[in-house]
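Worksheet: the structure to be examined is printed underneath.
Protein chains: 2
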Amino acid sequence: MITGENYIGFQKSSEGAITFKTFNPQLNIENDTVFSEANLKEINQAVCLATDAFRTFQNTSGTQKAKFLNAIADEILELGDELIETYCSETGLPEGRAKGERGRTIFQLRSFAELVKEGSWVEATIDTAIPDRQPLPKSDIRKMMVPIGPVVVFGASNFPLAYSTAGGDTAAALAAGCPVIVKSHPMHAGTGELVASAIIKAAKETGMPNGVFSNLNSSGIDVGVQLVKHPDVKAVGFTGSIKAGRALYDLASHRKEPIPVFAEMGSVNPVVILPNALKTKGNVLAKTYANSITLGTGQFCTNPGLLLGIKSEVLDDFIENLSEEIIKIEPSCMLHPNIIGSYETNKENLLNQDRLNVVSQYDADVNINYARQAIATASGSAFLENPAFHKEVFGPFSIIVQCENEEQLEQVISKLDGQLTGTLIADNDEASNYNKVISALQNRVGRIIFNGVPTGVEVCPSMVHGGPYPASTDSRFTAVGVNSIKRWVRPFSYQDWPNSLLPDELKNENPLDISRTVNNKLTKDKLN
Amino acid sequence: MITGENYIGFQKSSEGAITFKTFNPQLNIENDTVFSEANLKEINQAVCLATDAFRTFQNTSGTQKAKFLNAIADEILELGDELIETYCSETGLPEGRAKGERGRTIFQLRSFAELVKEGSWVEATIDTAIPDRQPLPKSDIRKMMVPIGPVVVFGASNFPLAYSTAGGDTAAALAAGCPVIVKSHPMHAGTGELVASAIIKAAKETGMPNGVFSNLNSSGIDVGVQLVKHPDVKAVGFTGSIKAGRALYDLASHRKEPIPVFAEMGSVNPVVILPNALKTKGNVLAKTYANSITLGTGQFCTNPGLLLGIKSEVLDDFIENLSEEIIKIEPSCMLHPNIIGSYETNKENLLNQDRLNVVSQYDADVNINYARQAIATASGSAFLENPAFHKEVFGPFSIIVQCENEEQLEQVISKLDGQLTGTLIADNDEASNYNKVISALQNRVGRIIFNGVPTGVEVCPSMVHGGPYPASTDSRFTAVGVNSIKRWVRPFSYQDWPNSLLPDELKNENPLDISRTVNNKLTKDKLN
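Just so you know, the protein sequences line up as chains A and B, in that order.
Going by the UniProt record's numbering, 184 is the number at position 184 of the first sequence; the sequence numbering is gapless.
Going by the UniProt record's numbering, 116 is the number at position 116 of the second sequence; the sequence numbering is gapless.
Rendered as structure tokens:
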């Protein structure tokens, strides 16, 4: 049952004066529950508990953490229909999407459970002593990854499960051994509370310390600001807009002790369409891209907001096809009146710019809070000259840029901001003639896709979900896949440390049977 | 021959109006060469060349990069006595130290050459396609580390070779495939120019692109500021003071596109001495620590500036012994009049604080620019109450903190700023009774040492040279060892990319024969 309260560790609490409700965009009404925003006292309590919890949680074994993570997955499933109904009532998204996203969330939690149970992820590295080395003896040095400390997680509006309360950031941080404080997203505070209740249950069941997880409600920016400024918070995970992500990054970098902020932010996900591909599969592409642009009402961070081609008749044909295909798609609901409000405003502002031409826009009547998809075109030079064309319009909207030639195409790509993804649509033989274009694209993105669509982010170790700024605040990390744990850990060395006092990961006898780099060789062998 | 000019890529250049000389602290005179500070035009040229060079250098094979790195090592050795003499004339350090540091520098370069020649460091990760997966097919996704872009390196005053022009930051960045622009340290500009000439020679010999390396002279902060603000610079490496490191971090985080700064900064390297250890080996310890405190005139970032013990007669005895031992050591020269000036000022300021007692200070006459070592004591409560006691005094100076009891010892440790190292001096049986003390120490440091001294940083894969702020700006990385390459690379994914267009590291046939994680299994096998 949703109560509207915060979780300050294991304790429910609602001491703050500020309250708010979530909104059902399909019905265009507020939902019933009154949520209590965490006040400063509650925020400080949550951080204090997290700091205390870290003392034991940082030394909790991989096996125990795996039990905790799996229990969270089990308890989320236990929530059953209430979770799905709450999700739908707070997002306007359909049930199938809710269930799919729950599946992804469960999969992520279990992947991290596998990772920490197996244990080799700590990158144990051992260099044994050489006592008789000249001119100086060599010490025994052993290194492994250790958790960085309490992590604050800001959930995304558009993924209330997979990138929110028990989403990738939280799962990775808990797997690392970092207590988590979630700044709950106000648009899905009910979904957040239900998932938080599952995490708290799981923590109690598996004997985790009080404070290993807290869930704080918030209607505005205050709770987040206080959390990021708190000296005992050691890292921040965020998914959302560039404006909000940058604000948190700035706050964190102005602290006396700056802390890492991994913010996954905006992206227009450029798609480069080469001429031969248009000739051979232009029609299919138009259908595929009409679907990708409107998928989830365009509310994906990997939504293709920019299609780049070289001026030609086939490109004209493709634009005509896409124009027809995109208005065949039934409009769908956006997450919140604020989000559709921003969509309409941003789209209008852009469409009012000189040298941008609307070529297709859904113009029949739609339900309230439903988004009208649109596509527009611009020349390569117009695009190069107007920075407004480079900005993300969050929703089902794309610009097709008609470049003069290959050189201009390369130039357009080089001038793009950093992106999560870049896509190349090409005939197999064609791509190798466009090395400079491909190379320019690679330098602007975190992931490059061949003859596909950017929407859809596979959860697997080889995935990079991140990229050069402003796709993320630090391109050296990924937000998806088990390697996203690296955001929340630091390497730590023991020099000449007694074997009995070393963590199991580094003991001579390798009791956890993990892979370790011993004197430059990867092995599971014991040391003599 | 030292000319005083900058290297703008392969070109020597001295267009700026500002000139300066280096200083010989042993002779207390300026050295002859007039150095030309790089002007804005030269700075922009260097960055522009680096950006151009990146286009080819980022795709240069590991074998080629290894040749380049080994050629740098060879060319540095070729410099012969001129390098050693210049080093000594610019630092006041003895020849043995110069040769030792050259050896370390060569070893680092060759270690990175080995690493990139072998090639597995890119963490190649492959998840193969599952076309018939339900409900959606799974794409083929392949990931590897790629270089981040041009890196600016700020050398350290106290390690003109190993942490400067061709030091660890530069070697790691070049190994990664990142062009490097060095902001040469004004105190050893001649050493820097010689090493730069070796790098340029090596680059030409091995066919590296013009702009892969530049060396810019500077007398003040302007050159560094312009470099860090330049939009085409993608990362910064720094070794030096907290003040300077933080200033660069702030500059970088205020950019439109913030970039990572890895700054290795100050540290007082706390040494915790447990009671039984004092009983059994107090005398030996006093000798050992007198040497460690004064090693290199205390000009090491791992110098033990803080000894922490629990009040007792044996601690009193140790303090007396250390007091006697430390003044037996012959004072030695500091790097520069400015550095000895800071040392004397910082020491005086501290010694004038209430509740700090000087227990030993070398007070015989010394040569000009030679430092007088000193030790002082303070109670645990005095230390807790006065933040001035927590600051590093760069030079041969340490404070011994006499804590009331174990609880206060733990409290003192918990209140410390982040540190590069922490040391525990204990009898083997004793340590296990001090879990809380050890745990507190671990949370404040990057490396923990048992019954040793913090001075001496072994170059090996298990080394962590870094730590919580302000030991470094980002505790998730190390400045020493081959893993320091991770500061300058980012993960990059290819989705459904044609095999022929993939980099060799990710091709089906594994032509480089590197270790790769294929469908969660580490293997060198080819893919079918």
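We put the CB at the ideal spot given by N, CA and C, even for glycine.
As the structure is a computational prediction, the values presented were derived from the model and not from experiment.
For L308/A, the enclosing beta strand (DSSP E) covers residues L306 to I310. Listed along the chain, the chain B residues whose CB falls inside 7 Å of the CB of A431/A are P498 and L501. Of G190/B, K521/B, T60/B and P147/B, the smallest CA-CA separation from T86/B is found for G190/B.
Against chain A, the CB of N386/B has no partner CB under 8 Å away; the residue lies outside that interface.
Taking 8 Å as the CB threshold, R110/A stays off the interface with chain B. Contact note: E313/B does not reach chain A at a C-beta cutoff of 7 Å; the least C-beta distance is about 27 Å.
By the CB criterion at 8 Å, I449/B and S219/B fall outside the cutoff. Non-local C-beta neighbours of D317/A in its own chain, meaning closer than 7 Å and more than five positions away in sequence, comprise G282, ordered along the chain. Contact fails between the region 156-176 of chain A and the region 31-38 of chain A, because fewer than three Cβ pairs, one in each stretch, are under 8 Å apart. When A173/A, L306/A, N39/A and G266/A are compared, the shortest CA-CA separation from I221/A is found for N39/A. The Cβ atoms of C403/B and I319/B lie no closer than 8 Å to each other. Y7/A is the residue among S120/A, Y7/A and T128/A whose C-alpha sits nearest the C-alpha of S214/A. Taking a Cβ-Cβ cut-off of 7 Å, the neighbours of E458/A in chain B comprise K138, S139 and I141, given in sequence order. Closest in C-alpha terms to N443/B, from the list P147/A, E118/A, A50/A and A66/A, comes P147/A.
For the set A252/B, N499/B, L351/B and C333/B, the Cα lying nearest the Cα of G224/B is the one of A252/B.
Secondary structure note for R490/A: its beta strand (DSSP E) is the uninterrupted segment V489 to Q495. Residues of chain A with a Cβ closer than 7 Å to the Cβ of G282/B do not exist, since the nearest Cβ in that chain sits about 19 Å away. For Y494/A, the chain B residues whose Cβ falls inside 7 Å of its Cβ are I448, in order along the chain.
With three or more CB-CB distances shorter than 8 Å, the region 178-189 of chain A counts as touching the region 48-64 of chain A. A residue is called buried when at least 16 other Cβ atoms come within 10 angstroms of its Cβ; Q226/A meets this threshold and is buried. Counting of Cβ neighbours within 10 angstroms places E95/A among the exposed residues, the total staying below 16. Around the Cβ of M1/B, a 10 Å sphere holds fewer than 16 other Cβ atoms; the residue is exposed. Taking R97/A as reference, the option from L409/A, C333/A, G4/A and K328/A with the minimal CA-CA separation is C333/A.
Listed along chain B, the residues sitting closer than 8 Å to P258/A by beta-carbon distance are Y249, S253, Y469 and T473.
At a cut-off of 4 residues, the continuous stretches assigned as alpha helix (DSSP H) that sit fully inside the region 370-436 of chain B are 380-385, 406-414 and 428-431. Rounded to the nearest whole angstrom, the CA to CA distance from G80/B to F492/B is 41 Å.
S342/A and P25/A have their C-alpha atoms some 14 Å from each other. As a beta-bridge residue in DSSP terms, V271/B pairs with L307/B and T423/B. Using a CB distance below 9 Å, no part of the region 1-20 of chain B faces chain A. The three-state secondary structure of M1/A, taken from DSSP, is coil.
CA-CA distance, L49/B to K12/B, rounds to 14 Å. Residue burial is scored here from C-beta neighbours: I84/A has at least 16 other C-beta atoms within 10 angstroms and is therefore classed as buried. Burial is judged here by how many other beta carbons sit within 10 angstroms of a residue's own beta carbon; S89/B has at least 16 and is buried. Taken in chain order, the complete alpha helix (DSSP H) segments of 4 or more residues contained in the region 108-191 of chain B are 168-176.
For the C-beta of G452/B, the chain A residues within less than 9 Å are, from N- to C-terminus, S139, Q495 and D496.
The alpha-carbon of Q108/B is positioned some 21 Å away from that of S475/B.
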